[in-house]
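FYI, our numbering numbers position 96 of the sequence shown as 86, with every residue one higher than the one before it. Ideal placement from N, C-alpha and C gives every residue a C-beta, glycine not left out.
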Amino acid sequence: MFYTMRGRWVTIGHLEANDMPVDEPIARDVGAWTLEKLGLLQSYMKSYVEATSSIQGKISYLDVCSGPGLDRVRETGEIHPGSPLIAMGLYPRLNNFVFIDIDKKNTHALRDHIRARELERTARVIEGDCNEVISDALKLIPDRYGAAFAFIDPAGLSVSWQTIKAIALHKSRATYKIELFVLFPYDMGIRRFFVSGREMNDVWPNAEAIVDRIMPDTRRWKRVLQEVEAGREPRDTLRQRILYLYWRGLKDLGYAHVASPRVVRTPNGRPLYHMFFTSDHPVGDRIMTHVLHSQRQLGETFPLPELEMPYSFNEDESWYDRL
Ligand SMILES: C[S@@+](CC[C@H](N)C(=O)[O-])C[C@H]1O[C@@H](n2cnc3c(N)ncnc32)[C@H](O)[C@@H]1O
């Protein structure tokens, strides 16, 4: 499928000709590094549908910050399928889609994509704040049978821990939980509040409450920060320790496998966010480990930085127990 952008033809991923509902698509402007995240999602989801093919019942995909369906790469003008279209590209093996977005423009664009694919009976769009509508969304995902995968790709600090927890606990009567692929916005979000020698709420109004909402508990991250501020821990351990708390929170939700996070960086090496994968199933874990250790990206517009797996977490971090 080709599309004219800025006077030239570009390929749109795996989309087919009749998938495009409008001449001027509504697309989200993104940095080229977004293709790395979407490449990983696509690789994982392809293997996921293979692995779940023998499971009875619906195979569900939940996207809590779904965007309009298409992404336009700022640097090149190329348009790529965003997470909802990557997922719908795996129909009929994925056969239950739930999309949430807070922005009306995005939900309208998504509904157009769904109509163009005649998936109205299979794909539902909920417009609203994902933290408020998550229970409505989860009602559309069977809690006992089938398998489910959730993609949590927030813009900044918009997804609360309570929302992650609600998704993780939804299938508590089933053998396996909903698998999660969560983007944790440390560098693009939380980090700006942590300014040496300054009270957080002076840096940004309500900063403490914002971080409380994102983190698994309201105590430990503050202790970590206090230790750094008091000079008992080096400042350059802050990122890793906050990431560890998030990783540990996911473990404590009961997931059998929580991979160490993979960092996504800008071309000049600035870290942007960290990606966490959780699974309850050994096969999910194997696929996830393979995908996280591979260089994956949609398109060829932007070379990936050298693959980096900086953190390797396990549960014997003794500092955690002292917090
Ligand atoms: C990073 S984008 C998602 C991109 C998408 N996954 C893709 O691949 O194109 C984040 C999206 O979350 C939406 N959003 C922001 N805050 C939200 C909230 N509280 N609840 C639901 N959606 C939200 C924004 O409108 C935006 O479309």
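Where residue i sits in the DSSP three-state scheme
i    : result
A145 : coil
L215 : helix
H264 : strand
V338 : Since the first residue of the chain shown is -9 and the last is 313, residue 338 is not available in this structure.
V336 : No answer is possible for residue 336: the residues shown for the chain start at -9 and end at 313.
Y310 : helix
R252 : strand
F303 : coil
R18  : strand
F184 : coil
A158 : helix
G274 : helix
G179 : coil
W151 : helix
R210 : helix
A127 : helix
G259 : coil
S33  : helix
H280 : helix
E6   : Residue confidence for E6 is low, a pLDDT of 42 falling below 50, so the modelled location carries little weight; the figure read from the coordinates is stated next. The answer is coil: DSSP assigns E6 none of H, G, I, E or B.
K27  : helix
Straight-line gap, residue i to residue j (C-alpha atoms, nearest Å)
i    : j    : result
V88  : I200 : 26 angstroms
L233 : A17  : 31 angstroms
S50  : I157 : 12 angstroms
T42  : A140 : 15 angstroms
K95  : K36  : 28 angstroms
E189 : E217 : 14 angstroms
V12  : Q32  : Since pLDDT at V12 reaches only 46, below the 50 mark, its modelled position is unreliable, and the value read off the structure follows with that caveat. The alpha-carbon atoms of V12 and Q32 are separated by roughly 24 angstroms.
E65  : R134 : 44 angstroms
P58  : T24  : 15 angstroms
G21  : N196 : 29 angstroms
R114 : R203 : 27 angstroms
E305 : R238 : 8 angstroms
H271 : D192 : 44 angstroms
P257 : E26  : 12 angstroms
P261 : S148 : 19 angstroms
D126 : V54  : 12 angstroms
A77  : L28  : 10 angstroms
M278 : P175 : 20 angstroms
M205 : R229 : 13 angstroms
S302 : D207 : 22 angstroms
I131 : Y34  : 20 angstroms
R107 : E40  : 22 angstroms
E219 : K167 : 38 angstroms
L84  : Q46  : 12 angstroms
L170 : G146 : 18 angstroms
Bridge-paired residues (DSSP) for residue i
i    : result
H247 : S269
F174 : H264
E169 : F139
Practice item. Entirely within the region 36 to 122 and at least 3 residues each: give me those beta strand (DSSP E) ranges in chain order. Key: 49 to 53, 60 to 63, 69 to 71, 86 to 91 and 113 to 117
Exercise for review: Evaluate contact between the region 117 to 127 and the region 237 to 253, counting only Cβ atoms and requiring at least three cross-stretch pairs below 8 angstroms.
Suggested key: no
Point to revise | alpha helix (DSSP H) runs contained entirely in the region 221 to 245, provided each spans 4 or more residues | key: 228 to 242
Point to revise | At least three beta-carbon pairs within less than 8 angstroms, the region 151 to 169 to the region 71 to 79 | key: no
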